[in-house]
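Report on the following structure.
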């Protein structure tokens, strides 16, 4: 009888432990599914897009920051398709104006720049470019605003959700930073390629001009020497 009771208690304990394990596995699976859904939603909502536009004097663009203390990052690259030499690479002034007129970020005379700042207040932030040269300039510009995840109140009651939400938020920020860096490097590489290509064209033109000048000089010298010898021969006769 004692043996039967012991076996029954063992079976009950085993079943209880199995039930707890299944519940724990179900909770873990639920968290993983929620994390994947959160990443998909963040990826769909927070794509980093680049703008390519031309600036003659001054242009401004507005971007809404929906939460306080958001991180704002981005970059711009100025292209110089006609060659950097004739205008000396004057660059552009770049200013970010926060709600209320406060300057959140500012740089002077830059041809390329990466920027990061914290938007203390929510609202409309204005990004302004001022062209310092008298020529029309092409600029590739993108901006990215930090991410915040909102969840339903019933889900938020789970004590395990906060670390998952924080991890999703951090991962989304990292992915956006990587995408921002990739676009910046791609635009800067294209600009440097255009500058190198322009330099090669100019060097080829200078080389051809120098070769032509040497050819003209050689022909002129040969002609003058020939005339000199012809004149001396005529004088002897």
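In this note's numbering, the protein residues as written are -14 to 222.
Glycine included, C-beta positions come from ideal geometry on N, C-alpha and C.
Every value quoted in this text rests on a predicted model; they were computed, and no experiment measured them.
At the C-beta level, residue 53 and residue 107 come within 8 Å of one another. Taking residue 55 as the centre and dropping the five residues before and after it, the same chain places the C-beta of 104, 130 and 131 closer than 6 Å to its C-beta, in chain order. Around the Cβ of residue 153, a 10 Å sphere holds 16 or more other Cβ atoms; the residue is buried.
In the displayed model, residue 58 falls within a strand according to three-state DSSP.
Assignment of beta-bridge partners to residue 103 by DSSP yields 56.
For residue 108, the enclosing beta strand (DSSP E) stretches over residues 108 to 116. Residue state for residue 128 is assigned as strand, using DSSP reduced to three classes. Counting along the chain, no beta strand (DSSP E) covers residue 75, and no H or E run does either. In this structure residue 122 is buried. Its beta-carbon is surrounded by 16 or more other beta-carbon atoms within 10 angstroms. Between the C-alpha atoms of residue 173 and residue 62 there is a straight-line separation of about 6 Å. C-alpha of residue 82 to C-alpha of residue 109: approximately 9 Å in a straight line.
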